[in-house]
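> If you scroll down you'll find the structure; I have some questions about it.
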Amino acid sequence: MDVLGRYRNLIVLVGVLFAQILGLAVQVRRTTDDEPTRLIRIWAVDAITPLEKVLVGAETSTSNVWHNYFYLRGVRAENRDLKQQIERMSLEQVRMSQDADQARRLQALLAFKEQFISKTMAAQVIGSSGSELSRSVYIDKGENDGIKPDMAVITSDGIVGKVLRVYGSTSLVLLINDQTSGVGALLDKTRLQGILRGTPAGEVVLEKVMSDENVPVGEMVLTSGGDGIFPKGLLVGRVTKAAPGSDLFLNIRVRPAADLSKLEEVLVVTKIDERQAEPDQTGATRAVDILAERLPGVPAKPADAVKAGTPGTAAAAAATTGSDGEPKTALPPTAGGSAAPAARKAASPSPAIPSLPSPSLPSAGAGSGTASPTNSAKKATATPISASATKVSPKPVKAAVEPKPQPEGEDSPH
Amino acid sequence: MAITYTSGEQVEVYRFSLPATVLIPLTAVFLQAWLPLRLHFFSIFDLPLLVTIGFATARRSPLTGLLTGSFIGILQDALTHHPIGLYGISLTVVGFGASSLGIKLDVENAGARFLLTIFFYVVHEVMYFTIARGLIGLRMASSWPHEVWSGVANAMLGVLIFMLFDRVKQRT
């Protein structure tokens, strides 16, 4: 008893340390995160995060009042700059929408499945883990708001991380620069795939890219979709350094596009749709349509003239003939250039094939068992052509790039 | 024997009121989680560690020191995504050591507090890194200049915090 009393403090110390080491070992042995969150974490989060929420809310309100009412200096100049930026971006959008449509048609041909971010939820970053070894942040949305583990977290600049743990009204987000995170990524131009990981120092590296590959500094890094969390094609960052590593792989450093040290608002991707790519049947944004509409020599054929014409000549002639009367080989015979979508639909049993701008691609479609372009053109003599031929008159390009109406209930679809 | 926050064995033994005992550690953990988002440089400080050292040296009871360190460490662990116990073990040892050393040394002047904080900062870092690498398998990024600068910064902040503690602690 005397010995116990004398070494009481040491015995308690050893006991407490032993209990904690034992608990640590049990947790490390766990291989999955499927187990319910430990009560002690819930208590700690419930004790700390409400105050964080209050402070962040007060900070946001104060900031809003300041920015919306008092700090209006330079707003006119900013407005002017923004308008110019919108004009530039509108032009850019025309080009990109054409490229996107072309890509979509090609994807449809190859039966690709695309992933679309169909629903996101805005959340505010309210706190961090408080440890440099645990690069994670807390957001003010949790289970009550429909957040679930493994949801992707992004900003308008790039990806941020994934939801790791979900509590009632808060969630823990693991950042991509944490050493335990991993994201499937690929390089934009070279299409080389690798795994994006964080380092203990909080940097981001792209691993598993062979050292004989050439990776230029400044190349964009995108998500590859291989991790099952982030949809393909989201911006991750840019390569800042690429040097041979100690093994067979390159040592590629990536600067994240999103500033992970100054996160304030993020978007949680709550729903990702996966569907097979389909060509845009509206025809409003097709490159060939825009091209045909801009051709000065394309006359608007009256409906009766089309009806009286030989099979396939009305729409096809309007589409494939330029101002000089030369056939435009870039347009397939059944593409219908300026013909309406209804005409195109009727022209071919496979909607993907007639809309191809490349002359080489229809043969691929024909080879796969669908109707050949010539046959499609002959079938295009149905009455819908006459109706569509009256729509040959040029439409403004602006209409072609008008954003589609967003589905209801979606916070901020991408 | 009931565990108390005081000890009658030493002359200069202090106690803290219950609200201070609960709120100060909670505030320290809260600020550690919240401030680095606004003031990025603040991540070099370790407020829970400083509070553990401050409480332990003032109370001068090893038993109370280790339990306080254990509580604050586990609370800190609970906010991270790593297993609970990393900070817990480390701060348990720091709490025990600081209170044991506080019995033998005069820790009432700023110089002694400065050196004591640097010493226990190093102890804490070594313990934490050892556990993280040995038991969890985490890789660590250690940079001596950063550690030295961080230790000095924590010691300076520690001296200020201990002066605040002097205002709320009560002599038994």
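Chains A and B supply the protein sequences, listed in that same order.
Counting with the numbering used here, you get residues 1 to 414 for the letters of the first sequence.
Counting with the numbering used here, you get residues 1001 to 1172 for the letters of the second sequence.
Positions of the beta carbon are idealized from the N, C-alpha and C atoms, including for glycine.
For clarity, every value in this text was computed on a predicted model and none was experimentally measured.
1) Across which residues does DSSP place threonine 223 (chain A) in a beta bridge pair?
2) Quick one: grab the DSSP three-state call for valine 209 (chain A).
3) So if I threshold CB-CB distances at 7 angstroms, which residues from the region 1065–1082 of chain B count as touching chain A?
4) Give me the chain B residues within the contact set of proline 200 (chain A), using Cβ-Cβ distance strictly less than 9 angstroms, ordered along the chain.
5) Cβ of glutamate 207 (chain A) less than 8 angstroms from any chain B Cβ?
6) Quick one: give me the first and last residue of the beta strand (DSSP E) that threonine 240 (chain A) is part of.
7) Touching or not, the region 85–96 of chain A and the region 1024–1044 of chain B, by the rule of three or more beta carbon pairs under 8 angstroms?
8) What do you get for threonine 190 (chain A), buried or exposed, if any count of 16 or more other CB atoms within 10 angstroms of its CB means buried?
9) Please name the residue, chosen from A:Asp145, A:Glu132, A:Lys148, A:Gly127, that lies closest to tyrosine 138 (chain A) on a Cα-to-Cα basis.
10) Does the beta-carbon of tryptophan 43 (chain A) have 16 or more other beta-carbons within 10 angstroms, so that it is buried, or is it exposed?
11) Report the residues of the region 1024–1035 of chain B with a CB closer than 8 angstroms to any CB of chain A, ordered along the chain.
12) On the criterion of 16 or more Cβ atoms from any shown chain inside 10 Å, does isoleucine 1084 (chain B) qualify as buried, or is it exposed?
13) Looking at the C-beta of methionine 261 (chain A), does it have a partner C-beta in chain B at a distance below 8 angstroms?
14) For leucine 196 (chain A), which residues in chain B fall below 9 angstroms Cβ to Cβ?
15) What residue from A:Arg8, A:Ile229, A:Asn251 has the CA that sits closest to valine 453 (chain A)'s CA?
16) Tell me the DSSP secondary structure of isoleucine 42 (chain A) in three-state form.
17) Excluding sequence positions up to five away, which residues of its chain have a Cβ less than 6 angstroms from the Cβ of phenylalanine 1114 (chain B)?
18) Locate the alpha helix (DSSP H) running through asparagine 1154 (chain B), then write down its first and last residues.
19) Is the CB of glycine 1008 (chain B) under 8 angstroms away from at least one CB in chain A?
20) Do you know how far the Cα of aspartate 188 (chain A) is from the Cα of glutamine 93 (chain A)?
21) Looking only at C-alpha atoms, which of B:Asp1166, B:Trp1034, B:Pro1062, B:Pro1048 sits nearest to glycine 1097 (chain B)?
22) Against asparagine 9 (chain A), what residues of chain B qualify as contacts under a CB-to-CB distance less than 7 angstroms, listed in chain order?
23) Take tyrosine 1014 (chain B) and list the residues in its own chain whose beta-carbon comes closer than 7 angstroms to its own, dropping the five residues that flank it on each side.
24) So alanine 47 (chain A) contacts chain B; which residues on that side make the cut at Cβ distance below 7 angstroms?
25) Using the C-alpha atoms, what's the distance from methionine 210 (chain A) back to isoleucine 11 (chain A)?
26) Could you tell me whether the Cβ of glutamine 124 (chain A) comes closer than 8 angstroms to any Cβ of chain B?
27) How long is the line joining the alpha carbons of leucine 17 (chain A) and tryptophan 1034 (chain B), rounded to whole angstroms?
28) With a threshold of 8 angstroms between beta carbons, is alanine 258 (chain A) in contact with chain B?
29) Under a three-way DSSP split, which group does glycine 5 (chain A) fall into?
30) CA-CA distance, alanine 25 (chain A) and leucine 1135 (chain B)?
31) Checking contacts by CB at 8 angstroms: is alanine 1020 (chain B) closer than that to chain A?
32) Here's a check: name, in chain order, each residue in its chain whose Cβ is nearer than 6 angstroms to the Cβ of glutamine 193 (chain A), leaving out the five neighbours to either side.
33) Going by DSSP, what residue range makes up the beta strand (DSSP E) through serine 136 (chain A)?
34) Any Cβ of chain B within less than 8 angstroms of the Cβ of valine 54 (chain A)?
35) Anyone know if the C-beta pair for arginine 238 (chain A) and glutamate 203 (chain A) falls short of 8 angstroms?
Let me lay it out:
1) A:Ala185
2) Valine 209 (chain A) falls in the coil class under three-state DSSP.
3) Considering only beta carbons, the part of the region 1065–1082 of chain B lying closer than 7 angstroms to chain A consists of Leu1066, Ser1070, Ile1074, Leu1075, Gln1076, Ala1078, Leu1079, Thr1080, His1081, His1082, in chain order.
4) Leu1138, Arg1139, Met1140, Ala1141, Ser1142
5) no
6) 235–244
7) No: the two stretches stay apart, fewer than three of their Cβ pairs being nearer than 8 angstroms.
8) exposed
9) Minimum Cα distance to tyrosine 138 (chain A) is reached at A:Gly127.
10) exposed
11) Leu1026, Val1029, Phe1030, Gln1032, Ala1033, Trp1034
12) buried
13) The sequence given here places serine at residue 261 (chain A); methionine does not occur at that position. It does; some Cβ of chain B falls within 8 angstroms.
14) Those do not exist, as leucine 196 (chain A) stays about 16 angstroms from chain B at its closest Cβ, beyond 9 angstroms.
15) Given a span of 1 to 414 for chain A in the structure shown, any question on residue 453 (chain A) remains unanswerable.
16) helix
17) Ala1155, Val1159
18) Where asparagine 1154 (chain B) is concerned, the enclosing alpha helix (DSSP H) stretches over 1144–1168.
19) Low per-residue confidence applies at glycine 1008 (chain B): pLDDT is 45, beneath 50, and the placement is therefore not dependable, though the value from the model is reported in the following sentence. The C-beta of glycine 1008 (chain B) comes no closer than 8 angstroms to any C-beta of chain A.
20) 19 angstroms
21) B:Pro1062
22) Pro1062, Leu1063
23) Ala1058, Arg1059, Lys1169, Gln1170, Arg1171, Thr1172
24) Within 7 angstroms Cβ-Cβ: Leu1026.
25) Approximately 54 angstroms between the Cα atoms of the pair.
26) no
27) Straight-line Cα distance between these residues: approximately 29 angstroms.
28) It does not: the Cβ of alanine 258 (chain A) has no partner Cβ on chain B nearer than 8 angstroms.
29) helix
30) 7 angstroms
31) no
32) Leu186, Ser224
33) Annotation: the continuous beta strand (DSSP E) that includes serine 136 (chain A) extends over 136–139.
34) no
35) no
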